[in-house]
Amino acid sequence: MSEQSRRPHKPGKPYRRPQKDPVRMLAFEALRAVDERDAYANLVLPPLLRRAREKEGPDKFDGRDAALATELVYGTLRRQGTYDAVIAACVDRPLREVDPPVLDVLSLGAHQLLGTRIPTHAAVSASVDLARVVLGDGRAKFVNAVLRKIAQHDLDGWLERVAPPYDDDPEDHLAVVHSHPRWVVSALWDSLGGGRAGIEDLLEADNERPEVTLVARPGRSTAEELLREEAAVAGRWSPYAVRLSEGGEPGAVDAVREGRAGVQDEGSQLVALALANAPVEGPDKAWLDGCAGPGGKAALLAALAAERGAVLLASEKQPHRAGLVAKALHGNPGPYQVIAADGTRPPWRPGAFDRVLMDVPCTGLGALRRRPEARWRRRPEDLEGFAPLQRALLRTALESVRVGGVVGYATCSPHLAETRAVVDDVLKQYGDGADLIDARPLLEGVPALGEGPDVQLWPHLHGTDAMYLALIRRVA
């Protein structure tokens, strides 16, 4: 006998069996996967949505349901820090003593109450019903009590209560208000160079839903073709970029399904274009992408190389990621090669390439809009783990390029320990053997690129991920 069927009936008030709401059930399953398996929402959500459509049917689970489920998952993950502070103020125990599944239901409810336009009674009722289905009646009562407390104030009212005053503790204030770990706030602030307005704009941008950006792969597609799609608008900076307005589905675009175009952030496109357009001395026939997975930059570089009669070698350490690179490059109009190899122990001879891109593994703090759970998963000590690998890969890149050739060092993180600190350390070892190139003129038309010679892109300034690029010419 189930817990629900054992529940005593109140005289004169028939027991209402909780309804299984497919949207909130799906959102709950996604959050549990993120918590229990360290999964990423962008990988977990699509198969859950497909399964819901197949199970419920298009008449019971339509595009609006999918959009709501997506908003509940991503909105809850982005605002997790803020909602944790609010929930902590409404429970009588430390949050670490609240069972994680209960906390997920509370967080979903908090987001509906404080971060959406769902009416209060509907948000509480739907969350309590979800709790009855996935947690049981006893804990559903706890969820009901907590959510009713949360519903007493709106988000601004709660922030006044749970965030410390800015003047007393600026970093902790920003961490609670904008839902980022304190150490991430501090690191981003250092990278920006100070000023309250800039850091608040950046943190707010991290909490906004990013646009889907497509790339037209030269020789296989054009931006003009992609712009014929109903939801398409031109990119801001890259001539190959096309943005899909809200509701645009990449999988519905013929060129994307056929591999002639792909999904690629405009910042990622700009990094590849800058390397491809940097002046080199001498021949320009052999290009290398030394950390090529999952293949977005490699596909663009391979297409650009083909236009010039050059050949790209795309190398990726992990075999399954090398497979993704091969898939992205399939159909390239010119020759290319994909291999699975460790970039710190390269199988190619030194000085074999004219251009080298090394987009190194990093904390991913530049893509928090797309992977909001990463902000809660990363720790400051992760930087120490990445540092030796990042330096080793940049050294490999400089050894792999010939004299007169160019290296692009890139990360999807603005953290100074992963950007300028790495470049400065490795260049010191090379002395007069390598020089930084001013990358800013190679990002034509892109504003607010700083003092150079390296480039840091920002979500709040450029509408891109926070990509970093340093261009280095080998001179000896």
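Residue numbers (this note's numbering): 386 to 861.
All residues carry an ideal CB built from backbone N, CA and C; glycine is no exception.
The shortest C-alpha to C-alpha distance from P679 to any of D489, P757, E609, K712 is the one to K712. Contact between the stretch 683 to 702 and the stretch 727 to 734 is established, with three or more Cβ pairs separated by less than 8 Å.
In the DSSP annotation of this structure, E615 is not part of any alpha helix (DSSP H), being labelled neither H nor E.
Distance from A691 to G719 at the Cβ level is roughly 3 Å; contact confirmed, criterion being Cβ atoms closer than 8 Å.
Partner residues in the beta bridge of V786, as assigned by DSSP, are F738. Setting aside the 5 residues that flank it on each side, D810 is surrounded in the same chain by R776, each with a C-beta closer than 7 Å to its C-beta; the list follows chain order. Excluding its 5 nearest sequence neighbours in each direction, V656 has C-beta neighbours in its own chain below 6 Å: A795, M852, L854, listed in chain order.
Cβ-Cβ distances below 7 Å link T455 to L430 in the same chain, with the five nearest sequence neighbours on each side left out; the list follows chain order. Under the three-state reduction of DSSP output, Q841 falls in the strand class. Contiguous beta strand (DSSP E) elements confined to the stretch 766 to 816 occur at 786 to 796, taking only those with 3 or more residues.
In this chain, A671 is not harboured by any alpha helix (DSSP H); it is covered by the beta strand (DSSP E) spanning 671 to 674. When the alpha-carbon of L778 is set against those of D489, C747, S653, G500, the nearest one is in C747. Under the DSSP assignment, G647 falls in the beta strand (DSSP E) whose first and last residues are 646 to 648. M852 carries a coil assignment under DSSP once its states are collapsed to helix, strand and coil. Here the stretch 653 to 672 lies against the stretch 681 to 697, with 3 or more beta-carbon pairs under 8 Å apart. Inclusion of L544 and V569 in the CB contact set at 7 Å is not warranted, their separation being larger than that value.
For the set V860, E803, G848, K813, the Cα lying nearest the Cα of S576 is the one of E803.
If you draw a straight line from the Cα of G835 to the Cα of Q841, it comes to about 8 Å.
For R730, no beta strand (DSSP E) segment is defined, and its DSSP state is neither H nor E.
An exposed status is given to A582, since fewer than 16 other beta-carbon atoms sit within 10 Å of its beta-carbon.
Within the DSSP secondary-structure output, A601 pairs in a beta bridge with A646.
Under DSSP, R628 shares a beta bridge with T598, V618.
L491 sits close to I472, with the two beta carbons spaced by under 7 Å. When DSSP states are grouped into helix, strand and coil, I584 belongs to the helix group. Per the C-alpha coordinates, the member of A824, V487, R605, P735 positioned closest to G716 is R605. If you look at S606, you'll find it isn't in any alpha helix (DSSP H); DSSP assigns it neither H nor E. In terms of CA proximity to E666, G790 leads the group A752, S623, G790, R436.
Taking 7 Å as the cut-off, the beta carbon of E651 is found closer than this to the beta carbon of S623. Only residues of its own chain outside the window of five on either side were considered, and among them V811 have a CB closer than 7 Å to the CB of R780, listed in chain order. In terms of CA proximity to M743, I857 leads the group L480, M410, I857.
The closest CA to that of A530, considering only V487, D552, Y551, is found on V487. The Cβ atoms of T467 and S564 sit closer than 7 Å to each other.
Straight-line measurement puts the Cα of V408 at about 43 Å from the Cα of G830. In this structure, the beta-carbon distance from R628 to E596 falls below 7 Å. Secondary structure note for E545: it is in no beta strand (DSSP E), and the uninterrupted alpha helix (DSSP H) holding it is 540 to 547.
Apart from sequence neighbours up to five positions away, the residues of its chain that approach G644 with a beta-carbon distance below 7 Å are H715, G716, ordered along the chain.
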